[in-house]
Amino acid sequence: MQIFDEIVPHDNPIYEKAPLFFVPEETLMFDIETTGLSPASSFIYIIGINYYTCGDWHITLLFNDDGRSEPEIIGHFMEILPKYKNLIEFNGDTFDVPFVKKRLEYINRRLGKNIPDNLEGITKLDLYKMIRPFKTALGLSNLKQKTIERFVGINRIDQMNGGELINVYFNYLGDRSQKLRTLLLQHNRDDMEGMFYLIEIFALKKLDTGSVSVSSIEMSGSVNLRIKFNLAPDCFPKLSLASSLRDKTKSMSESSVTAPLLIISAEEKKAYLSFPVSFGCFKYYYKDYKNYNYYPELDTAYPKSLAENYKEMICEPAKASNCYTRLEGFFIPKYKFSEGRSFFPDEAPLSSKSLPYLELSDDFLGDKALLDSFAQYMVSMILHQ
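Position one of the sequence shown corresponds to residue 2 (our numbering), numbered consecutively onward.
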C-alpha cells in the first residue's frame, strides 16, 4: 500500500465554504476506484479521502500499488472512520459503500482477517441523491460527477473515466510505469477535489428547504412581476442559474415565455422570481354552493341570506359550476400554493385541471409572511420540476 497526502491551498475560497454546511473536523469525504462493477469479481485499487485537521484540508489517496494491498487500504479506511460523524460521497449509497462492505466481508471470510465494519455507525451524505431532484431545473443532461463538475465550473486535468483506467491499472501492475501511476492517481485526486465544489449542492438543498425572505417587489409594465428575495450566505450557491417552470403541455419556447422564472446570480448576489402577469376578469368560486343563489343577469352568486336585497332579479339555486363572483384585476399563477384565495380565468370552464391564480391585491402584496411563503413555494417547485 502507498499513501499519498496533499494539503490543499488556502487561496481557493471553495475550501472555506464547508463550515457553512457541516463541521469539517467531524466530516470525511470518500470515493473509490475499482477494477470492475461487481465486488464478486473485482477489487478496490484506490480509496480517496478528504479530511480536515489543524486548519487544513487534506486530499489523501490510499493506493493498492501491488494488486494485493486491498486489505490494507480497506483496513486503514475503517481504522480512521470512527473519528468522524459524517461521510460525504457521490452515489456512494448505491455503489461505493456496498462495494466496500462486500469486499470487506470477502476479505474477512476468505483471508481470515478481522477488519471491523465501521461504515455502520456514520451518517452518510450522498451528493448524488441531493442533486437528483434538481436535474431538470439545472439543465443537466445526466448526473455523472464530471457533468456536474463542469456545471459548477471545474476543468479537470484528468480526462479519462473509471472504466478506461481499469486497463491502465493492470498495465501499471505489469511495468510499474510512473506515467501510468500518475494517470491513476490524478483521476481519483480530481474526483476528491471535485467534491469540494459539489458542496454547492448543500446550498441548493438549503434553498429548497426554506430560507427565502422577500426584499422587494416590482412590476415590469403590466407584463411581469418580479419578486426579489434575500438568501442567507449558506444558501447562496457560487453557481448561477436561470430556470423556468416547464409546462409539459407546451413547447420549450412557449413555456419559457409564459412560465415563472427563477434567477440566481452568484456574482451579483441577487436572486429573484419573475411571473407573467395576466389582466382581466377572473372568477372566485364558493365551495358551499348550496347556500348561494346564482343571478344570471349579474353573472354572479350571492348568499341566500342576502336574497331580500336582490328580490327584483331572477335567480336560481347555485350549482358548483356557477357559484362564483367575478373580479377584474392583475393575477399571477398560484399552482398548488395552499394559502390565499384561488381565482380562475373568466373564459375557461372550471375543471380539476384548471390552473388557479392569485390576485395581486394590496392584501397579498402587503403581507410579508404570505409573500415569503409563496416565494419559497415557487422556488422549491421550480427546483423540483
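Glycine is no exception: its CB is placed at the ideal position from the N, C-alpha and C atoms.
Delimiting residues of the beta strand (DSSP E) encompassing residue i
i, result
"Lys-270", "Counting along the chain, Lys-270 falls outside any beta strand (DSSP E), and DSSP gives it neither H nor E."
"Met-193", "Element bounds for Met-193: not the beta strand (DSSP E) but the alpha helix (DSSP H), 179-199."
"Leu-359", "358-360"
"Arg-227", "225-231"
"Leu-242", "242-245"
Beta-carbon separation (whole angstroms), residue i vs residue j, contact threshold 8 Å
i, j, result
"Ile-33", "Ile-50", "With 8 Å as the limit, Ile-33 and Ile-50 do not qualify as a contact, their Cβ atoms being about 10 Å apart."
"Val-169", "Leu-185", "6 Å"
"Ala-308", "Tyr-287", "Incorrect: roughly 15 Å between the Cβ atoms, too far for contact."
"Glu-298", "Met-314", "6 Å"
"Leu-105", "Ile-116", "6 Å"
"Tyr-107", "Leu-29", "Actually they are not in contact, since the Cβ atoms of Tyr-107 and Leu-29 sit about 23 Å apart, beyond 8 Å."
"Asn-323", "Pro-304", "About 14 Å separates the two Cβ atoms, so there is no contact after all."
"Asp-57", "Ile-8", "5 Å"
"Leu-232", "Ala-272", "6 Å"
"Ala-349", "Ser-355", "6 Å"
"Leu-274", "Met-382", "About 10 Å separates the two Cβ atoms, so there is no contact after all."
Sub-7 Å separation of residue i and residue j beta-carbons
i, j, result
"Tyr-129", "Phe-91", "yes"
"Asn-119", "Leu-82", "yes"
"Phe-64", "Gln-3", "yes"
"Gly-163", "Asp-127", "no"
"Gln-160", "Arg-247", "no"
"Phe-375", "Phe-338", "yes"
"Asn-294", "Ala-260", "no"
"Ser-40", "Phe-100", "One detail in the question is off: residue 40 reads as Pro in this sequence, not Ser. Yes; because the gap between Cβ atoms is below 7 Å, this pair is in contact."
"Asn-87", "Phe-23", "yes"
"Ser-266", "Ser-244", "no"
"Leu-384", "Asp-209", "yes"
"His-188", "Leu-174", "no"
"Asp-363", "Val-215", "no"
"Phe-276", "Leu-205", "no"
"Ala-321", "Tyr-296", "no"
"Ile-89", "Ile-48", "no"
"Thr-61", "Asp-6", "yes"
"Ser-43", "Thr-54", "no"
"Val-224", "Gln-377", "no"
"Lys-229", "Ser-221", "no"
"Gly-211", "Glu-150", "no"
Extent of the continuous alpha helix (DSSP H) run through residue i
i, result
"Val-380", "369-384"
"Tyr-290", "That residue, Tyr-290, is in no alpha helix (DSSP H); it is neither H nor E in DSSP."
"Val-213", "That residue, Val-213, is in no alpha helix (DSSP H); it is neither H nor E in DSSP."
"Leu-166", "163-176"
Completely contained alpha helix (DSSP H) runs for the segment 85-156, where each covers 4 or more residues
97-111, 128-132, 136-139, 146-152
Check whether the segment 329-336 touches the segment 278-290, counting contact only when three or more Cβ pairs, one atom from each stretch, lie closer than 8 Å.
yes
Should the segment 197-207 be called in touch with the segment 18-31, which here means at least 3 C-beta pairs below 8 Å?
yes
So within the segment 8-90, which uninterrupted beta strand (DSSP E) runs reach at least 3 residues, ignoring any that extend past its ends?
28-35, 45-54, 57-64, 87-90
Quick one: complete beta strand (DSSP E) runs, 3+ long, within the segment 280-367?
293-296, 301-304, 325-334, 358-360
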